[in-house]
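Down below is the structure, laid out as structure tokens.
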Amino acid sequence: MATEPAPEAAVEPAEPADASAPGTSAAERPTAGPADDARYDYDLVVIGSGPGGQKAAIGAAKLGHRVAVVERRHMMGGVSVNTGTIPSKTLREAVLYLTGMAQRDMYGASYRVKSDITIEDLFARTQHVIGREIEVVRAQLLRNHVDILPGTGAFVDPHTVAVVDEDGVHRSQVSARFVVIATGSRPHRPDTVQFDDRSIVDSDGVLALERIPTTMVVVGAGIIGIEYASMFAALGTRVTIIDKRPNILEMCDPEVVESLKFHLRDLSVSFRLGEEVAGVDTNGRGTVTRLVSGKRIAADTVMYSAGRQGNTETLGLENAGLEADRRGRIVVDAEYRTSQPHVFAVGDVIGFPALAATSMDQGRLAALHAFGEPARELSAVQPIGIYTIPEISYCGRTEEELTADAVPYEVGISRYRELARGQIVGDSYGMLKLLVHTETFELLGVHIFGTGATDLVHIGQAIMACGGTVEYLVDTVLNYPTLSEAYKVAALDATNKIRQVARFVG
Ligand SMILES: Cc1cc2nc3c(=O)[nH]c(=O)nc-3n(C[C@H](O)[C@H](O)[C@H](O)COP(=O)(O)OP(=O)(O)OC[C@H]3O[C@@H](n4cnc5c(N)ncnc54)[C@H](O)[C@@H]3O)c2cc1C
Ligand SMILES: NC(=O)c1ccc[n+]([C@@H]2O[C@H](COP(=O)([O-])OP(=O)(O)OC[C@H]3O[C@@H](n4cnc5c(N)ncnc54)[C@H](O)[C@@H]3O)[C@@H](O)[C@H]2O)c1
1 MATEPAPEAA
11 VEPAEPADAS
21 APGTSAAERP
31 TAGPADDARY
41 DYDLVVIGSG
51 PGGQKAAIGA
61 AKLGHRVAVV
71 ERRHMMGGVS
81 VNTGTIPSKT
91 LREAVLYLTG
101 MAQRDMYGAS
111 YRVKSDITIE
121 DLFARTQHVI
131 GREIEVVRAQ
141 LLRNHVDILP
151 GTGAFVDPHT
161 VAVVDEDGVH
171 RSQVSARFVV
181 IATGSRPHRP
191 DTVQFDDRSI
201 VDSDGVLALE
211 RIPTTMVVVG
221 AGIIGIEYAS
231 MFAALGTRVT
241 IIDKRPNILE
251 MCDPEVVESL
261 KFHLRDLSVS
271 FRLGEEVAGV
281 DTNGRGTVTR
291 LVSGKRIAAD
301 TVMYSAGRQG
311 NTETLGLENA
321 GLEADRRGRI
331 VVDAEYRTSQ
341 PHVFAVGDVI
351 GFPALAATSM
361 DQGRLAALHA
371 FGEPARELSA
381 VQPIGIYTIP
391 EISYCGRTEE
401 ELTADAVPYE
411 VGISRYRELA
421 RGQIVGDSYG
431 MLKLLVHTET
441 FELLGVHIFG
451 TGATDLVHIG
461 QAIMACGGTV
471 EYLVDTVLNY
481 PTLSEAYKVA
491 ALDATNKIRQ
501 VARFVG
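Residue numbering for the sequence shown follows full-length UniProt numbering, starting at 1 and increasing by one per position.
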């Protein structure tokens, strides 16, 4: 994501930039809600078309309001569609398919679908999916009569947004009763590192690599770093992961993290944890990463994934009476309202948890709150999906948290290798762990490692969100053979252990 051009001071009066598009001009709007204010060009202007912005815009349009989305021409769909969630998950799918990785248990360690995988093979699939997704986003906005204003938006005053085109020329200026800031984030680039977008890249640059590197250093063992590290390791790249924290993915179940590390080491990944990067040197042919401890690591490519920065510095926040913190984030209340009650902010620009999944709901809720519609809070039980190879997913609490809070719990485990479906799909390493309250039988946490984890987690999530107990799983018939059966096996394991303790106690 490049830095946006700064808006000029004087701008021309508003004319929706995409007014030529059929059926999209504000004047043709079929209905306007009773609360609409004719003083403004729009009831809602959304800045940014990522998951948060899309859902805010469509949510308001469904209520019959006049809505516009400001977005740069090349970024329709946001980071999510263009450089984040969708390309990374498509790349993972291409890696899994072409390397034959998921089938090696069945057909042997040398099994490959294609022996000489090129970067073109991988990016062809990615580009195809990105193209389709952009069309889906655009079509959804247009069929909901949302105007698309191409360009970069910036506040002129608290109710007015100027739209500047890529070449720095002002396109228009629009006023709105409400504004939603959904400008997302970009990779954080430390000043000490000279990114050249060839051998020293961030998570955007990794999507423009010219070849699959033989060796790679990944700085930052957060979700982005570990996901890409596992993809390149599967492709045969020798990857070194560096992080100043003592372990990777610290929010996950330690047993799951150990399983992942075992798999990654098996793919020649090395870990340099508890180590800080002092700088990176490049001579055009390769890189040397210098650690504060004095170590030096040579690699073809360095990928930095050391956190993200909110896109706020060219938004003209000061013109709206707003400000952002050092990391470009905007503070909001429980209704996603900023310190200006008519301006909302959603998605990565408000910080944690910074997921496409949560951003969508934040956008939807911000639109409801803006127009005074009833809105329920999001369920507290939210899943995390990490698309490593193999994948990880969890919801609820970890063993550490429960122990720290002195909550009595029992663990129920199911190993995929003991499930018929696990054998059929060739997953011998997968496992599902349930954490169950020993007195109430309430489900407290679900931690999954292996095939289908990010989908399977939703079964546990639904039970937990509805206050269900493990007895539901014991008493329920599940399809056979499925991976969902892991829930049943783990539930029986946990209840057997609880019963055994009860027998001893008498
Ligand atoms: C590599 C990677 C993988 C990821 N994988 C996942 C995943 O598997 N699951 C998941 O849930 N999340 C994932 N995420 C996170 C997810 O992509 C983000 O949380 C999500 O995209 C944030 O949505 P958003 O609505 O805040 O906007 P974004 O998607 O960040 O989009 C913001 C948009 O605003 C535009 N914009 C910025 N400033 C302006 C301006 N002044 N005027 C007009 N437009 C502007 C930008 O051009 C951009 O298009 C991943 C992120 C990355 C980087
Ligand atoms: N599957 C998913 O849901 C998914 C996938 C990718 C990204 N995301 C989202 O994107 C966000 C950003 O991810 P991220 O991985 O870039 O950030 P992060 O903040 O999670 O991780 C950054 C890591 O870099 C380390 N680090 C920073 N500077 C360092 C240095 N100089 N030397 C060594 N280590 C250093 C930090 O200790 C930290 O562990 C996440 O919070 C996540 O919400 C989600």
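In this text, a Cβ means the ideal position worked out from N, Cα and C, and glycines have one as well.
Nothing here was measured: the structure is a model prediction, and the numbers come from that model.
Return yes when the Cβ of residue j is within less than 8 Å of the Cβ of residue i, no when it is not.
i	j	result
T240	A299	yes
V113	L98	yes
L141	A57	yes
A356	T126	no
V470	A502	no
R364	V349	no
V146	V67	yes
I117	I248	no
A306	L264	no
P383	V457	yes
S359	G50	yes
S379	A465	yes
Y42	A176	yes
N311	R186	yes
Using 7 Å as the cut-off, classify the Cβ of residue i as near or not near the heavy atoms of ligand 1, replying yes or no.
i	result
M75	yes
A324	no
S270	no
T301	no
A453	no
N311	yes
T118	no
G48	yes
K89	yes
G372	no
T183	yes
G52	yes
S428	no
I224	yes
G347	yes
G153	yes
T314	yes
G59	no
S230	no
residue 507	This structure gives no information on residue 507, because the portion of the chain shown stretches from 1 to 506.
E71	yes
G385	yes
S393	no
G78	yes
Q359	The residue asked about is misnamed: residue 359 is Ser in this sequence, not Gln. Yes, Cβ of S359 sits closer than 7 Å to a heavy atom of ligand 1.
S293	no
Give me the Cβ distance between residue i and residue j, rounded to the nearest whole Å; I'm assuming they're in contact under 8 Å.
i	j	result
V95	L149	V95 to L149, Cβ: 37 Å. No contact.
L402	Y409	5 Å
G445	R397	5 Å
V79	G184	5 Å
P246	G274	5 Å
V256	I242	With a Cβ gap of about 21 Å, V256 and I242 do not count as contacting.
A370	F178	4 Å
Y480	I459	That pair is no contact at about 15 Å.
I392	L478	Incorrect: roughly 22 Å between the Cβ atoms, too far for contact.
V137	G151	With a Cβ gap of about 17 Å, V137 and G151 do not count as contacting.
Q362	P158	Incorrect: roughly 21 Å between the Cβ atoms, too far for contact.
Can you check which of these residues, the options, is closest to residue i by C-alpha distance?
i	options	result
A453	G131, G385, G321	G385
Q309	G108, Y228, D325, R138	D325
V292	R272, G286, N283, A306	R272
V302	L443, A486, F195	F195
G450	G468, R415, M216	R415
S203	R72, G422, K89, V161	K89
E400	T388, M251, D43	M251
T83	S49, I130, P383, A154	I130
A345	I181, M231, L207	I181
T215	K244, H170, D197, V269	V269
Y387	G307, I224, K295, L322	I224
Y107	E485, D427, V474	D427
E442	D455, Q461, I448	Q461
L207	L44, Y304, R72	Y304
I297	D333, S230, R238, E318	R238
A406	G236, T438, M431, D266	T438
G59	V288, K433, A367	A367
Given the structure, does residue i come close to ligand 4, in the sense that its CB is under 7 Å from one of the ligand's heavy atoms?
i	result
G84	Ligand 4 is not among the ligands present in this structure, which contains only ligand 1 and ligand 2.
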